[in-house]
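Asks: Just dropping this structure here.
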Amino acid sequence: MKSSRLLPLCAALAAGAALAGEPADPLVVACVGDSITYGHGASDRGTKSYPAQLQALLGDGWKVLNFGHNARTALDEGKEWNGQGGMGYRKSPEFEKAKAAKPDVVLFMLGTNDSKPVNWDADDGAGVKRDYEALVSDFLNLEPMPRVVIGLSPFVKKDSFSIRESVVGGKLVPWQLELATSAPLPYVDIYAATKAAAETSYIGDGVHPNDAGYGVIAAAFAKWLRDMERTLRENHAEAWPASISLPAPKRAEMPLGEALAKRATHREFSPEPLSDQELSDLLWAANGYNRPEERKRTAPTAINRQEVDLYVLRADGAFLYDAAENALVRVSKDDLRGLTGRPGPNNFALEAPIALVYVVDFERQRMKDRPADALKYAHVDCGFVGQNVYLHCAAAGLNTVFLGSLQPDKLAEALGLPETSKPVFAQTVGRPAPER
Ligand SMILES: Cc1cc2nc3c(=O)[nH]c(=O)nc-3n(C[C@H](O)[C@H](O)[C@H](O)COP(=O)(O)O)c2cc1C
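Counting in the working numbering, the sequence shown runs from 238 upward without gaps.
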């Protein structure tokens with residue numbers, strides 16, 4: 238039988254393994270675009286928009302998300318045909334949501350609304366092209382970097398809403414093709430596919446596809462995604478490693494008396510990430526093995542039950558600190574830092590690169606018959622680790638604040654904790670905020 242002290246790590250490893258595989262860890266496809274992505278004109282957006290049909294074609298192992306917004310343009314200062322402004326895709330909530338979705342693939346299909354005279358004609362599309370490229374770059378600059386696939390803008394069967402086939406087919410699509418081949422970026426020829434099926438694929442306005450037309454778009458993108466599936470899954474596993482080995486920890490060199498003199502709570506942080514070396518040093522000081530041959534640690538625990546697990550929350554996910562392996566074992570791809578500290582926009586836990594979460598494994602503690610003692614010892618054991626973190630931060634020039642405020646239930650769920658493990662404290666760590 239497995240010893241109970243190994244259980245959380247096994248659970249985390251299982252979660253890590255699932256992250257690298259299918260279908261527990263789907264490839265995320267973000268469909269970025271205008272009303273043709275949104276699904277205007279479909280008999281039922283939920284099942285007949287192109288992203289919905291794409292999801293059905295691809296099935297399990299993929300998560301297709303619709304970030305389409307009606308009337309949106311690549312042009313930042315894009316307008317509606319009647320001159321109404323604020324139509325730039327960058328200004329839509331979908332832009333932020335698409336980036337936050339951490340997509341593996343972005344299917345980028347904008348440009349139709351840019352063909353309107355109010356957007357195109359002043360400089361013959363120069364502004365559209367500039368902002369189109371900048372938007373594509375925004376997605377390419379995400380961490381980890383997604384594949385951005387240029388969807389050549391769909392054929393316009395009949396000019397409507399001042400959208401013009403002469404511009405889409407005559408100028409925009411040839412330029413998109415040039416951009417894709419020179420960058421180089423992958424592209425899918427939605428223009429050709431929709432033109433070939435035009436007879437049966439449009440609603441009356443001649444701009445928006447009908448259900449069959451959305452199926453044509455979905456099929457064209459599905460082919461590219463299927464062809465690339467293997468590479469996408471390899472990149473996915475690389476971008477989200479199940480575990481990260483840390484370099485051997487180095488000890489802070491400041492004399493203890495000086496560190497004690499400097500120890501203090503600070504609540505202002507620079508967002509700059511900590512290096513793997515800095516993290517290794519910090520975690521070892523916090524609760525690493527200082528006497529590995531005896532499996533004993535830098536922080537004491539009542540009856541040596543070692544019931545405190547440290548989780549590390551960063552922008553790129555949540556990890557369990559495996560002190561024996563000196564590694565971070567991934568338990569989530571999500572940024573959970575906002576579940577520590579006081580919820581709200583001024584939460585400093587979102588500024589700092591690291592939030593530590595103190596999780597007590599009451600199973601491993603084996604004091605269920607003495608609940609008052611169990612809590613008392615658990616809390617004091619967390620306190621020792623917290624003070625180690627404070628002293629190490631003082632010595633390493635880092636800022637930190639120990640936190641009783643956290644959202645334990647949400648954290649327990651997001652970290653995949655068993656019933657018997659509870660998040661009890663948190664601690665924010667980062668470099669001091671730059672002087673203003
Ligand atoms: C158990 C405990 C819980 C704490 N919770 C919070 C908290 O939720 N938010 C916060 O800003 N500071 C929190 N602190 C930090 C204290 O406010 C801080 O330690 C105290 O003001 C003394 O400041 P010093 O650490 O600089 O000596 C907590 C400290 C402890 C020991």
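Built from N, CA and C at the ideal position, the CB exists for glycine as well.
For clarity, every value in this text was computed on a predicted model and none was experimentally measured.
(1) What did DSSP end up calling A257 once you bin it into helix, strand or coil?
(2) Could you name the residues, in chain order, whose CB is less than 6 Å away from a heavy atom belonging to ligand 1?
(3) Please go through the same chain and pick out, in chain order, the residues whose beta-carbon is closer than 7 Å to the beta-carbon of L379, but skip the five residues on each side of it.
(4) Secondary structure at N625, three-state DSSP: helix, strand or coil?
(5) Comparing C-alpha positions only, which one of L635, L312, T274, S658 sits nearest to A611?
(6) Exposed or buried, H306, counting other C-beta atoms within 10 Å across all chains shown (16 or more means buried)?
(7) With a threshold of 8 Å, are at least 3 pairs of Cβ atoms found where one atom belongs to the region 501-509 and the other to the region 627-637?
(8) Mapping the DSSP letters down to three states, classify P655 as helix, strand or coil.
(9) Would you kindly check if the distance between the Cβ of Y451 and the Cβ of Y287 is under 8 Å?
(10) For P446, which option in N625, L409, A279, L264 has the closest C-alpha, if you only look at C-alpha atoms?
(11) Considering only residues of the region 324-382, which uninterrupted beta strand (DSSP E) runs meet the minimum length of 3 residues and lie entirely inside it, listed in chain order?
(12) Identify the residues that DSSP records as bridge partners of S397: which are they?
(13) So R567 packs on A649, CB below 8 Å; how close in whole Å?
(14) What do you reckon, is the C-beta of V404 under 7 Å from a heavy atom of ligand 2?
(15) Using C-beta distances below 8 Å, list every residue in its chain close to V626, excluding the 5 sequence neighbours before and after it, in chain order.
(16) Would Q321 be called buried (16 or more neighbouring beta carbons within 10 Å of its own) or exposed?
Replies: The short version:
(1) Within the sequence shown, numbered from 1, the residue matching residue 257 stands at position 20. Unreliable placement is indicated for A257, whose pLDDT of 38 sits below 50; no coordinate value is reported for it.
(2) A501, T502, R504, V638, F639, L640, G641, S642
(3) For the purposes of this step, residue 379 is taken as residue 142 along the sequence shown, with counting starting at 1. Once the five neighbours on either side are set aside, the close Cβ partners of L379 are K336.
(4) Here residue 625 refers to the residue found at position 388 of the sequence shown. Three-state result, N625: helix.
(5) As a position in the sequence shown, residue 611 is number 374, starting the count at 1. Here the closest residue by C-alpha is S658.
(6) Numbered from its first residue, the sequence shown carries residue 306 at position 69. Its Cβ being crowded by 16 or more others within 10 Å, H306 is buried.
(7) yes
(8) Locating residue 655 in the sequence shown gives position 418, counting from the first residue. P655 falls in the coil class under three-state DSSP.
(9) Reading the sequence shown from its first residue, position 50 is the one you call residue 287. Reading the sequence shown from its first residue, position 214 is the one you call residue 451. Cβ atoms of Y287 and Y451: closer than 8 Å.
(10) Position 209 of the sequence shown holds residue 446. Of N625, L409, A279, L264, the residue nearest in Cα terms is A279.
(11) 342-346
(12) What you label residue 397 is simply residue 160 of the sequence shown in a count that begins at 1. Note: S397 sits in a beta bridge opposite I400.
(13) As a working mapping, residue 567 is identified with position 330 in the sequence shown. As a working mapping, residue 649 is identified with position 412 in the sequence shown. Contact doesn't hold; Cβ gap of about 17 Å is too wide.
(14) Questions concerning ligand 2 fall outside what the structure shown contains, since the ligands it does hold are ligand 1.
(15) Within the sequence shown, the letter at position 389 stands for residue 626. L519, A522, A523, L593, T637, F639, Q664, V666, listed in sequence order.
(16) Residue mapping note: residue 321 aligns to position 84 of the sequence shown, counting from 1. Label assigned to Q321: exposed.
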